[in-house]
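K.L.:
Quick one: the structure is below, questions incoming.
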Amino acid sequence: MTGRLDNKAAIITGAGSGIGRATAQRFAREGARLMLADRNADALAETVASLELDPQQVRARPTDVSVEADVDALVNAALEAFGRVDILCNNAGISSSREPAMEQDAEEWQRVLNVNLLGVVYGMKYAGRVMAEQRSGAIVNTASVAGIRAGAGGNPYSASKAAVINATMTAACDLGEYGVRVNAVCPGLTETGMTKPVFDYARNIGKEQKLGSRCELRRYGRPEELAAAILFLASDDASYITGQALAVDGGNTASLNMPGMKV
Ligand SMILES: NC(=O)c1ccc[n+]([C@@H]2O[C@H](COP(=O)([O-])OP(=O)(O)OC[C@H]3O[C@@H](n4cnc5c(N)ncnc54)[C@H](O)[C@@H]3O)[C@@H](O)[C@H]2O)c1
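What follows is the structure, encoded as structure tokens:
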């Protein structure tokens with residue numbers, strides 16, 4: 131069987147749940163060798179158990195992406211296990227509180243930026259060095275529609291994701307001459323661990339059909355749909371694409387979708 135990632139060595143952060151887990155499952159089916167990372171070791175073990183993959187092909191490493199030394203060690207562990215790093219998915223992320231602009235809390239900003247922004251920066255730094263030396267590689271960062279428009283998350287979360295989009299472009303410029311591509315996906319509302327409270331609440335009040343109803347496709351996203359977009363950007367099918375942020379959002383950010391304007 132030939133897969134789109136045969137023999138590629140991939141690191142995926144946030145692989146214990148949601149989009150990261152779905153990406154690990156898809157990458158495994160496409161023939162990749164995997165170094166999976168998450169700060170939640172039990173969740174990571176569940177992901178590993180769910181994979182259709184020879185155990186030799188997968189490693190799991192508890193990692194806190196907000197700790198620079200952890201990310202450095204993660205990239206080194208992948209190099210030791212597989213001899214190279216072809217793909218990095220900087221996917222781990224956390225949500226933030228939603229205080230209005232007049233009530234911002236610096237500690238909350240720092241907590242969110244440490245994971246959502248610096249975690250990505252560290253990943254691009256250490257994997258980027260390896261990939262530059264190899265003269266090949268692909269990095270896919272998970273940003274968010276919240277980084278494109280306001281209103282889809284708290285202020286620290288949205289700003290962290292806007293910064294990820296910009297850091298993606300900058301890294302693409304820095305790494306392009308080495309044959310290394312850097313792109314981002316911007317998920318819209320997707321059912322995962324992060325959004326569970328939103329889904330639980332909507333279901334409890336019988337309003338599940340409202341979720342995603344403002345998207346042009348009139349529904350919310352599934353982690354597998356994000357995994358498919360991440361696979362595309364990580365694979366050689368995207369060999370001439372770099373520095374881009376691909377919204378995977380059912381058309382949500384394509385439209386102003388003003389209430390009452392549709393016939
Ligand atoms: N679900 C959505 O609607 C949505 C929308 C836009 C963007 N995103 C982004 O998608 C990415 C994946 O999130 P998800 O929705 O699958 O959520 P999730 O909560 O299901 O998965 C996130 C995973 O990241 C891990 N993680 C959190 N902090 C970490 C850290 N410091 N170090 C290592 N691992 C850490 C968690 O343990 C968890 O397993 C995130 O970057 C998130 O911001 C999600």
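Throughout the sequence shown, residue numbering follows my numbering, covering 131 to 393 in sequence. Glycine included, each C-beta is placed from N, C-alpha and C at the ideal position. Bear in mind that the values here come from a model prediction, so they are computed numbers and not experimental data.
At which residues does the beta strand (DSSP E) containing residue 267 begin and terminate?
P.N.:
Where residue 267 is concerned, the enclosing beta strand (DSSP E) stretches over 267 to 272.
K.L.:
Let's see if you can read the secondary structure: which residues bound the beta strand (DSSP E) around residue 139?
P.N.:
First-last of the beta strand (DSSP E) with residue 139: 139 to 143.
K.L.:
I'd like to confirm the pairing. Which residues does DSSP put opposite residue 386 in its beta bridges?
P.N.:
Partner(s): none; residue 386 has no beta bridge.
K.L.:
Answer with buried or exposed for residue 369, where buried requires no fewer than 16 other C-beta atoms within 10 angstroms of its C-beta.
P.N.:
With fewer than 16 Cβ atoms within 10 Å of its Cβ, residue 369 is classed as exposed.
K.L.:
Quick one: using the 10 Å Cβ neighbour count with 16 as the cut-off for buried, is residue 137 buried or exposed?
P.N.:
When all chains shown are included, residue 137 counts as exposed.
K.L.:
Looking at ligand 1, does it come within less than 7 Å of residue 324, judged from the CB to the closest heavy atom?
P.N.:
True, at least one ligand heavy atom lies under 7 Å from that Cβ.
K.L.:
Please report the distance separating the alpha-carbon of residue 249 from that of residue 187.
P.N.:
Taking the straight line from one Cα to the other gives about 25 Å.
K.L.:
May I have a chain-ordered list of the beta strand (DSSP E) segments no shorter than 3 residues that lie completely inside the stretch 166 to 233?
P.N.:
Segments of the beta strand (DSSP E) lying fully in the stretch 166 to 233: 188 to 192, 217 to 220.
K.L.:
Please go through the same chain and pick out, in chain order, the residues whose beta-carbon is closer than 6 Å to the beta-carbon of residue 311, but skip the five residues on each side of it.
P.N.:
So the qualifying residues of the chain are 268, 372.
K.L.:
I need the straight-line Cα distance from residue 222 to residue 344, nearest angstrom please.
P.N.:
Roughly 26 Å separates the two Cα atoms.
K.L.:
Please classify residue 150: does DSSP put it in a helix, a strand, or coil?
P.N.:
If DSSP states are grouped into helix, strand and coil, residue 150 belongs with the helices.
K.L.:
Which one of 172, 287, 325, 189 has the shortest CA to CA distance from residue 158?
P.N.:
The shortest Cα separation from residue 158 among 172, 287, 325, 189 belongs to 189.
K.L.:
Can you tell me which of 382, 143, 304 puts its alpha carbon nearest to the alpha carbon of residue 224?
P.N.:
Nearest C-alpha to residue 224: 143.
K.L.:
So, using beta-carbon positions, are residue 275 and residue 219 closer together than 8 Å?
P.N.:
In this structure, residue 219 does not lie closer than 8 Å to residue 275 by Cβ.
K.L.:
Using beta-carbon positions only, say whether residue 260 and residue 209 come within less than 8 Å of one another.
P.N.:
The answer is yes: Cβ separation under 8 Å.
K.L.:
Going residue by residue through the stretch 237 to 269, where are the continuous alpha helix (DSSP H) segments of at least 4 residues, counting only ones entirely within it?
P.N.:
Counting whole runs of 4 or more residues, the stretch 237 to 269 contains the alpha helix (DSSP H) stretches 248 to 264.
K.L.:
Evaluate residue 278 with the Cβ neighbour count: other Cβ atoms within 10 Å of its Cβ, from every protein chain shown; 16 or more gives buried, anything less gives exposed.
P.N.:
With 16 or more other Cβ atoms within 10 Å, it is buried.
K.L.:
Let's see if you can read the secondary structure: which residues bound the beta strand (DSSP E) around residue 375?
P.N.:
Note, residue 375: beta strand (DSSP E), 375 to 378.
K.L.:
Using a Cβ-based criterion (distance less than 7 Å to any ligand heavy atom), does residue 227 qualify as near ligand 1?
P.N.:
Not under cutoff, so the answer is no.
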